[in-house]
């Protein structure tokens with residue numbers, strides 16, 4: 024995945040998170056449903072941010088950014104920017 028594709032994915036995940044919170048406020052989903060999906064979104068965001076940082080680091084070091092790969096959830100879970 025290229026940087027612009029990763030950023031597009033991040034944007035889509037954030038948009039979905041905001042929409043989900045709005046749906047919870049409107050009573051369209053339960054808090055359990057919202058919580059479950061938010062956790063999935065956070066995990067996907069952690070992986071995307073990690074992959075983007077790997078690609079940028081590789082590029083900065085003169086390496087091929089396409090050599091970066093998404094890491095397992097357990098490695099990037101609760102990743103902080």
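Residue numbers (the working numbering): 24 to 104.
We put the CB at the ideal spot given by N, CA and C, even for glycine.
- Within the region 48-96, the alpha helix (DSSP H) runs of at least 4 residues that lie entirely inside it are, in chain order, 54-83.
- By the criterion of a C-beta distance shorter than 6 angstroms, residue 67 is surrounded in its chain by 36, once the five residues flanking it on both sides are discounted.
- Counting only residues of its own chain and dropping the five nearest sequence neighbours on each side, residue 71 has a CB closer than 6 angstroms to the CB of 29, 32 and 33.
- Within the same chain, and ignoring the five residues on either side of residue 90 in sequence, the residues whose Cβ sits closer than 7 angstroms to its Cβ are 81.
- Between the region 85-100 and the region 53-69 there are three or more inter-stretch CB-CB distances shorter than 8 angstroms, so the stretches are counted as touching.
- Residue 25 carries a coil assignment under DSSP once its states are collapsed to helix, strand and coil.
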